[in-house]
Ligand SMILES: Nc1ncnc2c1ncn2[C@@H]1O[C@H](COP(=O)(O)OP(=O)(O)OP(=O)(O)O)[C@@H](O)[C@H]1O
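Numbering (full-length UniProt numbering), first residue to last: 1 to 651.
As structure tokens, then:
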């Protein structure tokens with residue numbers, strides 16, 4: 001893969017990843033999204049310009065959908081400001097004509113006065129309109145930004161869980177979060193800049209054309225060196241940014257490791273400080289060299305550009321002098337033309353820079369749109385019949401194969417579960433218990449087979465309605481950076497009737513976490529994240545109790561508990577399992593490796609390599625000579641206070 005290096009040249013990856021000492025930065029590989037950056041670098045300016053109309057339409061569409069008022073204001077005020085520029089320049093010509101006319105000075109001034117007032121008014125109006133347009137633009141840009149961010153997070157929180165198992169989806173999501181998400185605002189911003197530039201060019205060109213059309217042609221020619229310099233400098237700057245992105249990611253990662261509460265203990269325990277600082281220093285040295293290279297090459301380009309521009313300006317002024325000498329233009333018109341030339345020059349520069357930036361933005365914006373399309377393919381339609389719950393859940397030859405995997409994680413599983421039961425899924429690591437539980441909970445859709453709630457295929461049910469009857473205590477829960485109370489409340493933040501289910505405190509009591517929360521500095525209002533002021537943290541087991549309280553607060557008909565007591569002490573485990581006992585209104589699905597906790601389950605399903613290999617209650621399974629008994633005996637042996645020899649598998 002090609003990589004972009006220090007001075008911005010495309011280089012061999014091995015060369016790029018090697019620093020001056022010959023050691024390597026294996027992580028300094030280009031992220032995939034950089035391909036767009038390379039495309040920009042390799043595309044000619046005219047190729048970019050050809051795509052402009054489509055981009056401008058797109059940007060105006062986005063801006064229009066966000067705020068009509070600010071869109072009209074940004075564009076309309078800029079156009080009006082352009083008209084004022086033309087007026088101002090033409091009025092300046094009249095002022096100069098009057099001033100250079102023959103006659104006594106006071107009379108000439110008097111004659112010039114009306115045009116002078118007109119010029120002053122036009123320039124004041126232009127200034128005011130430009131400021132107002134800038135204000136509207138400044139209001140529009142963050143609104144567009146928030147809108148695209150919300151659209152993105154709306155998609156990421158709606159897609160099926162399975163989307164996150166698709167490596168392409170995850171990578172695209174990172175890329176869009178990294179850059180594409182904010183491009184819509186940048187497109188709008190650059191479109192308005194482009195409009196401003198074009199209007200400026202047209203306004204001054206109109207004035208010049210009225211003064212002397214030959215000067216207009218000269219102006220366009222004289223701008224070429226400047227345009228080339230601007231594009232070259234912008235591209236080189238961009239290439240530098242590109243090469244830095246990878247290094248900066250690495251630096252950012254190292255910086256996060258070195259200034260982070262979670263890594264502080266390990267860094268000290270392993271005395272990693274010098275290693276991390278050394279890595280950081282190496283990249284900084286690389287960065288500094290790249291910066292110096294850039295400054296050198298940019299300065300050279302600017303010197304060459306400025307010299308060429310200077311020569312071009314001399315040429316234009318020579319033509320102007322020639323026109324003056326031959327009587328093609330009068331002195332007053334020549335002076336006004338000089339002003340127009342300068343104004344046009346600045347507007348052309350704005351136009352060129354905006355075109356180049358707009359093109360670049362558009363490529364990243366395309367990523368954003370592609371991601372939204374991909375997300376919508378991973379999203380279930382919200383229609384489907386609502387459900388009031390279930391009495392039975394039936395799995396009929398249900399399988400699930402993760403993307404990029406040849407072996408199904410769950411393989412043709414058929415079982416029937418009833419409300420009022422406690423059932424347990426048992427098996428060794430990787431046997432498919434969590435995957436099966438997620439299928440039962442409706443978090444995954446089977447790749448084959450059918451799951452029915454009271455005979456109705458769950459894919460015909462409204463997913464939101466179905467989800468409202470399910471609570472999941474996940475194995476890999478997240479420490480949400482909210483208060484203790486909110487951490488429970490988010491189990492069902494939208495409970496329609498308060499008092500319908502357990503209160504936050506009831507749920508906390510059931511999960512043996514109420515006393516712990518009361519002991520926090522602000523009780524249920526204590527923020528559980530040390531990274532914020534006044535934030536606190538809990539131990540792993542205390543967090544797990546809080547997670548259990550959240551699911552109890554959710555109070556759903558189906559409760560799936562995946563290793564609910566892995567981090568709990570004996571007392572808390574007892575409390576949690578007391579709550580997870582048989583209840584007529586609930587179906588409880590338990591996954592645990594602590595088999596003593598499921599002895600009283602109505603049904604135990606034993607899994608091996610994705611398949612159900614045994615089913616029955618504890619006594620029935622102990623009576624069989626199978627995996628369940630083997631696992632149970634192995635565990636029970638650990639609790640026996642005898643010096644009997646350990647099972648063969650442990651020796
Ligand atoms: N998101 C995923 N993408 C791809 N493969 C996965 C994913 N999650 C699990 N697997 C694979 O599916 C198989 C079953 O995993 P699962 O988590 O269901 O097992 P488990 O019985 O719950 O294991 P454990 O007891 O360790 O929690 C394993 O081989 C695992 O590597």
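All C-beta atoms, glycine included, are put in the ideal place defined by N, C-alpha and C.
6 Å Cβ shell around residue i - same chain, five flanking residues per side excluded
{"i": "residue 232", "result": "301"}
{"i": "residue 636", "result": "none"}
{"i": "residue 471", "result": "551, 554, 556, 559"}
{"i": "residue 420", "result": "584"}
{"i": "residue 631", "result": "none"}
{"i": "residue 379", "result": "158, 159"}
Classification of residue i by the beta-carbon crowding that lies within 10 angstroms, buried from 16 upward
{"i": "residue 368", "result": "buried"}
{"i": "residue 539", "result": "exposed"}
{"i": "residue 21", "result": "Residue placement at residue 21 is flagged as unreliable, the pLDDT there being 44, under the threshold of 50; the coordinate-derived value follows with that caveat. By the 10 Å Cβ count, residue 21 comes out exposed."}
{"i": "residue 493", "result": "exposed"}
{"i": "residue 274", "result": "exposed"}
{"i": "residue 137", "result": "buried"}
{"i": "residue 603", "result": "buried"}
{"i": "residue 71", "result": "buried"}
{"i": "residue 483", "result": "buried"}
{"i": "residue 303", "result": "exposed"}
{"i": "residue 122", "result": "buried"}
{"i": "residue 288", "result": "exposed"}
{"i": "residue 152", "result": "buried"}
{"i": "residue 429", "result": "exposed"}
{"i": "residue 598", "result": "buried"}
Close beta carbons around residue i, own chain, < 7 Å, minus the five adjacent residues each side
{"i": "residue 648", "result": "Confidence at residue 648 is low in this model, with a pLDDT of 42, below 50, so its placement is unreliable and no value can be given for it."}
{"i": "residue 212", "result": "323, 328, 329, 333, 337"}
{"i": "residue 165", "result": "402, 403"}
{"i": "residue 543", "result": "479"}
{"i": "residue 170", "result": "164"}
{"i": "residue 23", "result": "Residue placement at residue 23 cannot be trusted, given a pLDDT of 44 that sits under 50; what the coordinates show is reported in the next sentence. Here the set comprises nothing."}
{"i": "residue 210", "result": "90"}
{"i": "residue 100", "result": "331, 332"}
Closest residue to residue i among the options (Cα-Cα distance)
{"i": "residue 517", "options": "494, 545, 480, 423", "result": "545"}
{"i": "residue 98", "options": "109, 90, 180", "result": "109"}
{"i": "residue 394", "options": "412, 429, 381", "result": "412"}
{"i": "residue 444", "options": "399, 425, 475, 415", "result": "399"}
{"i": "residue 199", "options": "385, 402, 78, 432", "result": "78"}
{"i": "residue 388", "options": "371, 358, 466", "result": "466"}
{"i": "residue 390", "options": "607, 559, 474, 102", "result": "559"}
{"i": "residue 451", "options": "141, 534, 265, 396", "result": "396"}
{"i": "residue 195", "options": "105, 489, 628, 52", "result": "52"}
{"i": "residue 124", "options": "436, 418, 587, 82", "result": "82"}
{"i": "residue 118", "options": "95, 500, 107, 364", "result": "95"}
{"i": "residue 475", "options": "349, 418, 438, 230", "result": "438"}
{"i": "residue 459", "options": "356, 383, 619", "result": "383"}
{"i": "residue 501", "options": "524, 469, 515, 523", "result": "469"}
{"i": "residue 362", "options": "184, 114, 174", "result": "184"}
{"i": "residue 321", "options": "608, 105, 215, 505", "result": "215"}
{"i": "residue 521", "options": "512, 509, 537", "result": "537"}
{"i": "residue 454", "options": "416, 464, 436", "result": "416"}
{"i": "residue 529", "options": "588, 127, 261", "result": "261"}
{"i": "residue 190", "options": "309, 134, 105", "result": "134"}
8 Å contact criterion, which residue i and residue j should meet: CB distance rounded
{"i": "residue 584", "j": "residue 473", "result": "Residue 584 to residue 473, Cβ: 20 Å. No contact."}
{"i": "residue 204", "j": "residue 67", "result": "Residue 204 to residue 67, Cβ: 30 Å. No contact."}
{"i": "residue 386", "j": "residue 610", "result": "Going by Cβ atoms, the distance from residue 386 to residue 610 rounds to 32 Å, so no, they are not a contact pair."}
{"i": "residue 159", "j": "residue 375", "result": "5 Å"}
{"i": "residue 601", "j": "residue 488", "result": "26 Å between Cβ atoms; not a contact."}
{"i": "residue 179", "j": "residue 364", "result": "5 Å"}
{"i": "residue 569", "j": "residue 541", "result": "6 Å"}
{"i": "residue 511", "j": "residue 576", "result": "6 Å"}
{"i": "residue 608", "j": "residue 427", "result": "6 Å"}
{"i": "residue 141", "j": "residue 188", "result": "6 Å"}
Residues near residue i by beta carbon distance below 8 Å, same chain, minus five either side
{"i": "residue 132", "result": "73, 77"}
{"i": "residue 267", "result": "257, 258, 273, 276"}
{"i": "residue 624", "result": "614, 616"}
Counting only runs that start and end within the region 544-626, where is the beta strand (DSSP E) found for 3 or more residues in a row? Runs of the beta strand (DSSP E) lying entirely within the region 544-626, each at least 3 residues long, are 558-562, 587-591, 603-608, 611-616 in chain order.
Within the region 48-110, note down every full alpha helix (DSSP H) run reaching 4 residues or more, in order along the chain. 52-66, 68-100
Could I get the ranges of all uninterrupted alpha helix (DSSP H) runs contained in the region 100-173, with 4 residues as the minimum, in chain order? 105-158
Ignoring anything shorter than 4 residues or poking outside the region 449-537, list the alpha helix (DSSP H) runs there in chain order. 463-467, 484-489, 504-510, 514-518
Considering only residues of the region 203-239, which uninterrupted alpha helix (DSSP H) runs meet the minimum length of 4 residues and lie entirely inside it, listed in chain order? none
May I have a chain-ordered list of the beta strand (DSSP E) segments no shorter than 3 residues that lie completely inside the region 330-402? Entirely contained in the region 330-402, the beta strand (DSSP E) runs reaching 3 residues are, in chain order, 392-400.
Report the residue ranges of all alpha helix (DSSP H) runs contained in full by the region 244-312; include only those spanning at least 4 residues, in chain order. 261-269
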